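Peer 1: For the sequence shown, full-length UniProt numbering assigns the number 1 to the initial residue and increments by one for each residue that follows.
Okay, handing you the structure first.
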Amino acid sequence: MLIEAKDIAVALGGKPVLRGIDLTLRTGELVGLIGPNGAGKTTLLRVIANLLPHAGAVLYDREPAKAIGHKALARRIAFLAQGGAVHWQMRAEAVVALGRLPHRRPLGEMTAADQDAIARAMLATDAASFRDRTLDSLSGGERMRVLLARALAVEAEMLLADEPLAGLDPRHQLEAMTLLRRVAASGAGVVVVLHDLTLAGRFCDRLVLLDQGRILADGPPDAVLGDDHLSQAFGISVARGRRDGEDFVLPWHSLNDKETAR
1 MLIEAKDIAV ALGGKPVLRG IDLTLRTGEL VGLIGPNGAG KTTLLRVIAN LLPHAGAVLY
61 DREPAKAIGH KALARRIAFL AQGGAVHWQM RAEAVVALGR LPHRRPLGEM TAADQDAIAR
121 AMLATDAASF RDRTLDSLSG GERMRVLLAR ALAVEAEMLL ADEPLAGLDP RHQLEAMTLL
181 RRVAASGAGV VVVLHDLTLA GRFCDRLVLL DQGRILADGP PDAVLGDDHL SQAFGISVAR
241 GRRDGEDFVL PWHSLNDKET AR
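Next comes the structure, spelled out in structure tokens:
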């Protein structure tokens with residue numbers, strides 16, 4: 001699948017949030033969407049998912065969403081919203097089953113393929129052990145794993161995930177990023193909003209850095225996570241290192257704090 005966003009602009013409450021965004025996304029790639037708070041990451045992800053009005057155009061395999069149809073696009077693109085704040089008293093397995101709705105006929109029963117997709121998604125996200133618990137009884141991290149499983153159960157060509165690591169402990173953060181990389185390696189596309197620069201640099205094939213509603217940098221992690229980019233977008237300096245053949249960066253100083261200390 002090829003997604004092309006062309007000259008995207010969004011204003012919310014009269015305030016510009018995105019301006020002049022041009023972005024191309026392809027299957028088989030894990031793309032990290034990074035940037036400071038308020039940079040427009042969530043807004044851009046929602047535009048790509050066809051969930052938010054915007055100026056400019058988004059094309060899916062060179063067709064607009066209207067030509068494809070809502071249900072067909074829902075089978076091709078899975079969207080995991082930010083936060084995981086849910087108050088449903090549904091069983092976790094039933095929530096994951098919602099991911100199969102785009103594949104089912106109205107009032108139709110689940111097929112064996114649906115059941116298999118649900119089981120695979122819950123196993124992949126380490127959520128199978130609480131399949132019978134209701135979501136309101138789960139911790140924030142457990143809920144996020146269930147919601148990630150729901151997105152995976154769609155088995156879409158493109159997965160758009162908005163801060164899927166929120167609330168996860170370090171082990172499950174690593175496992176989630178490993179899973180997303182495996183999804184991309186299997187041929188699907190993954191776009192994930194991240195705040196952890198270390199995980200973004202380690203796991204993503206490509207990073208897109210937003211700042212003040214525009215794309216500041218787009219490319220391989222080592223190029224995007226350069227000192228100048230991080231200083232301009234985040235106002236930080238970083239420590240760099242290498243472990244097991246992989247480079248990593250750690251936020252180390254706020255440049256505001258360093259200026260104050262002088």
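Yeah, the Cβ is synthetic: ideal placement off N, Cα and C, and Gly gets one too.
The structure presented is a predicted model; accordingly, all values stated were derived computationally and were not measured.
(1) Measure the Cβ-Cβ separation of residue 205 and residue 29 and say whether it is below 8 Å.
(2) Count the other C-beta atoms from every protein chain shown that fall within 10 angstroms of the C-beta of residue 144, then say buried if there are 16 or more, exposed otherwise.
(3) Give a yes or no on whether the C-beta atoms belonging to residue 147 and residue 78 are separated by under 8 Å.
(4) Once the 5 residues before and after residue 42 are set aside, which same chain residues still bring their CB inside 7 Å of it?
(5) According to the neighbour-count rule (16 or more other Cβ atoms, all chains shown, within 10 Å of its Cβ), is residue 262 buried or exposed?
(6) Kindly list the residues whose CB is nearer than 8 Å to the CB of residue 209, restricted to its own chain and excluding five residues on each side of it in sequence; keep chain order.
(7) Could you tell me the distance, in whole angstroms, from the CA atom of residue 190 to the CA atom of residue 238?
(8) Does the stretch 46-66 come into contact with the stretch 1-21, if we say contact requires no fewer than three beta-carbon pairs (one atom in each stretch) closer than 8 Å?
(9) With burial defined as no fewer than 16 other Cβ atoms inside 10 Å of the residue's Cβ, what is the status of residue 32: buried or exposed?
(10) Less than 8 Å between the C-beta atoms of residue 175 and residue 126, yes or no?
(11) Express the C-alpha separation of residue 168 and residue 151 in angstroms, rounding to a whole number.
(12) Nearest-angstrom Cα distance between residue 91 and residue 253?
(13) In whole angstroms, what separates the C-alpha of residue 97 from that of residue 2?
(14) As an exercise, report each continuous beta strand (DSSP E) stretch of at least 3 residues that is fully enclosed by the stretch 195-248, in chain order.
(15) State yes or no: is the C-beta of residue 44 within less than 8 Å of the C-beta of residue 25?
(16) Go ahead and pull the three-state DSSP assignment for residue 5.
(17) Would residue 153 pass as a contact of residue 118 if the rule is Cβ separation under 8 Å?
(18) Could you say which of 245, 249, 95, 102 lies nearest to residue 136 if we only look at CA atoms?
(19) Where in the stretch 121-199 do unbroken runs of the alpha helix (DSSP H), each at least 4 residues long, occur, reported from the N-terminal end onward?
(20) Could you tell me whether the Cβ of residue 244 comes closer than 8 Å to any Cβ of chain D?
(21) What does residue 255 pair with, by DSSP beta-bridge criteria?
(22) Looking at C-alpha atoms only, which residue of 139, 65, 231, 246 is the closest neighbour of residue 202?
(23) By the DSSP assignment, the alpha helix (DSSP H) with residue 42 in it spans what residues?
(24) Which residue marks the beginning of the beta strand (DSSP E) containing residue 67, and which one marks its end?
(25) Please report the distance separating the alpha-carbon of residue 23 from that of residue 49.
Peer 2: Taking the coordinates as given:
(1) Yes, the Cβ-Cβ distance between residue 205 and residue 29 is below 8 Å.
(2) Buried, because 16 or more other Cβ atoms sit within 10 Å of the Cβ of residue 144.
(3) The beta carbons of residue 147 and residue 78 sit no closer together than 8 Å.
(4) Counting only residues of its own chain and dropping the five nearest sequence neighbours on each side, residue 42 has a CB closer than 7 Å to the CB of 82, 162, 193.
(5) For residue 262, the pLDDT reaches just 46, beneath the cut-off of 50, and the residue's location in the model is therefore unreliable, although a value from the coordinates is still provided. Under this definition residue 262 is an exposed residue.
(6) Around residue 209, the same chain offers 34, 35, 215, 216, 217, 218, 224, 229, 233 as residues with beta carbons nearer than 8 Å, after the five sequence neighbours per side are excluded.
(7) Distance between the alpha carbons of residue 190 and residue 238: 26 Å.
(8) The answer is yes - the stretch 1-21 touches the stretch 46-66, with three or more Cβ pairs under 8 Å.
(9) That one is buried.
(10) It is a contact, given that the beta carbons lie within the stated cut-off.
(11) Their Cα atoms are separated by approximately 17 Å.
(12) When rounded, the distance between both Cα atoms is 44 Å.
(13) Approximately 27 Å, taken between the alpha carbons.
(14) Taking 3 residues as the shortest admissible run, the stretch 195-248 contains the following complete beta strand (DSSP E) segments, listed from N- to C-terminal end: 206-211, 214-219, 236-243.
(15) In this structure, residue 25 does not lie closer than 8 Å to residue 44 by Cβ.
(16) Note: residue 5 maps to strand in three-state DSSP.
(17) Closer than 8 Å, so yes.
(18) For the residues 245, 249, 95, 102, the minimum Cα distance to residue 136 belongs to 95.
(19) Counting only runs of 4 or more residues that sit fully inside the stretch 121-199, the alpha helix (DSSP H) segments are 140-153, 170-185, in chain order.
(20) This model lacks chain D altogether, as it is built from one protein chain only.
(21) Answer is none; residue 255 lacks a bridge partner.
(22) Check the Cα spacing between residue 202 and each of 139, 65, 231, 246: the tightest is with 246.
(23) Where residue 42 is concerned, the enclosing alpha helix (DSSP H) stretches over 41-48.
(24) Looking at the DSSP string, residue 67 is not in any beta strand (DSSP E); the run it does join, the alpha helix (DSSP H), is 65-68.
(25) The alpha-carbon atoms of residue 23 and residue 49 are separated by roughly 13 Å.
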